[in-house]
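Chemist:
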Amino acid sequence: MQATATFVNIAAYKFITFDDTAEKRPEFLAKCNELSLKGTILLTPEGINMFLAGTRANIDSFLTWVRADARFADLEVKESFSDDQPFKYMLVKLKREIITMKHPLIKPEEGRAPAVTPATLKRWLDQGHDDEGKPVVMMETRNAFEVDVGTFDNTLDYRIEKFSDFPAVVAQHKDELADKTVVTFCTGGIRCEKAAIHMKNVGYDSVYQLDGGILKYFEEVGGAHYTGDCFVFDHRTALNPRLEPSLATTCPSCNATVTPREQLAPEFVEGSACPHCAK
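Under the numbering used here, the first residue of the sequence shown is numbered -6, with each subsequent residue one higher.
(1) Tell me the start and end of each unbroken alpha helix (DSSP H) in the region 181 to 238 that is at least 4 residues and wholly inside, in chain order.
(2) Does DSSP put lysine 86 in a helix, in a strand, or in coil?
(3) Using the Cα positions of threonine 10 and threonine 33, report the straight-line distance between them to the nearest angstrom.
(4) Verify whether the separation of the beta carbon atoms of alanine 217 and glutamine 202 is less than 9 Å.
(5) Excluding the 5 residues flanking tryptophan 58 on each side, which residues of the same chain have their C-beta closer than 7 Å to its C-beta?
(6) Hey, out of Lys71, Phe226 and Leu30, whose CA is closest to phenylalanine 138's CA?
(7) Which residue wins for smallest C-alpha separation from valine 214, given the options His122, Asp172, Thr113 and Val85?
(8) I'd like the list of long-range same chain contacts for valine 200, defined as Cβ closer than 8 Å, with 5 residues on each side in sequence excluded.
(9) Could you have a look at asparagine 2 and say whether DSSP puts it in helix, strand or coil?
(10) In three-state DSSP terms, what is leucine 95?
(11) State buried or exposed for glutamate 186, treating a residue as buried only when at least 16 other CB atoms are found within 10 Å of its CB.
(12) How big is the Cα-Cα spacing for valine 129 and tyrosine 197?
(13) Would you check if the distance between the CB atom of threonine 274 and the CB atom of alanine 266 is smaller than 9 Å?
(14) Taking just the CA atoms, how far does lysine 31 sit from phenylalanine 80?
(15) Under 9 Å between the Cβ atoms of alanine 61 and valine 1?
(16) Span of the beta strand (DSSP E) holding phenylalanine 178?
(17) Assign valine 142 to one of three DSSP states: helix, strand, or coil.
(18) Using the DSSP secondary-structure output, state which residues sit across from glutamate 133 in a beta bridge.
(19) By the three-class DSSP mapping on this structure, what secondary structure does phenylalanine 80 have?
(20) I'd like the list of long-range same chain contacts for glycine 221, defined as Cβ closer than 7 Å, with 5 residues on each side in sequence excluded.
(21) Between Asn136, Lys71 and Pro111, which lies nearest to serine 157 when the distance is taken from Cα to Cα?
(22) With distances taken Cα to Cα, identify the nearest neighbour of cysteine 244 among Thr230, Glu237 and Glu260.
(23) Could you compute how far the alpha carbon of alanine 258 sits from the alpha carbon of cysteine 270?
(24) What would DSSP say about phenylalanine 44, mapped onto helix, strand or coil?
(25) Please return the same chain residues whose Cβ sits closer than 6 Å to the Cβ of valine 85, not counting the five positions on each side in sequence.
(26) Given this structure, state the Cα-to-Cα distance separating arginine 116 from leucine 56, to the nearest angstrom.
(27) State the start and end residues of the unbroken beta strand (DSSP E) segment that holds leucine 36.
Written as structure tokens, this is what we have:
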């Protein structure tokens, strides 16, 4: 698909002191418009977060431009590919946090929680324990509706509705995880990075973040120990472990075409009903 797809989709973030966001916003917007890119960039005092799509040449030009700023010289990017442009607009927004947690003392720039690579995590899950013999527990940091699209097998899912709910939830379950190694994960790494730091701060002894999140795991080791797809916030709706967009399906009851997003509706029951039936 990489050789034939028209669009390269990138996800990237970095926690870094970024105190000139207001001045940089028009520069980012102008550069993206110049290169016909679409998507969203968040500029915050704690760093940058971006989801963009464009042609290979234009994405590469944009990354060269961004990395010319010493603060983002080592910006790491996760890629996927699509035949269609997954975004409608180009937005550059100013926000207080890359992802809202409402815990200003958490500063990933000053030191990350330990991270586990996708390859190491797969090995741990294959063998059923980490390298010290401790049971490995996967912990969701995403919202409940994202989890419903797909997640790691036997994961802890506390059904949070927003990320700012996470600190209170993990405080309630700390004692029951005392003898286990906890690996937090999310779509691209941002939420699980903050989550793991917070858990370290409140006394979890053995906690890791999945480096690069689910998308990096898919890219490096595929779908082992994962069931379903990974929800993404663009018109592709979700990506499978091959980083391909989820497909529409046909409802056997009413013969309507059911888009990936419609498949997330409560009226959708695979093999028997869909939102079109309900109408």
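We put the CB at the ideal spot given by N, CA and C, even for glycine.
Modeler: Walking through what the data contain:
(1) Here the runs fully enclosed are 183 to 194 and 206 to 214.
(2) strand
(3) Between threonine 10 and threonine 33, the C-alpha separation is close to 20 Å.
(4) Cβ atoms of alanine 217 and glutamine 202: not closer than 9 Å.
(5) Lys24
(6) For phenylalanine 138, the nearest C-alpha among the options comes from Phe226.
(7) Thr113
(8) Ala106, Pro107, Thr174, Val175, Val176, Thr177, Ala189, Met192 and Lys193
(9) strand
(10) The sequence given here places lysine at residue 95; leucine does not occur at that position. In this structure, lysine 95 counts as coil in the three-state DSSP scheme.
(11) In the assembly as shown, glutamate 186 is a buried residue. Its beta-carbon has 16 or more other beta-carbons within 10 Å.
(12) 14 Å
(13) Given that the chain is displayed from residue -6 to residue 272, the structure contains no residue 274 and the question cannot be resolved.
(14) 6 Å
(15) Cβ atoms of alanine 61 and valine 1: not closer than 9 Å.
(16) 174 to 178
(17) coil
(18) Phe178
(19) When secondary structure is reduced to three states using DSSP, phenylalanine 80 falls in the coil class, being assigned neither helix nor strand.
(20) Val142, Gly143 and Thr144
(21) Asn136
(22) Glu260
(23) 12 Å
(24) Correct three-state label for phenylalanine 44: strand.
(25) Same-chain partners within the cutoff: Arg18, Phe21, Leu22 and Ile34.
(26) 32 Å
(27) Here the beta strand (DSSP E) through leucine 36 covers 31 to 37.
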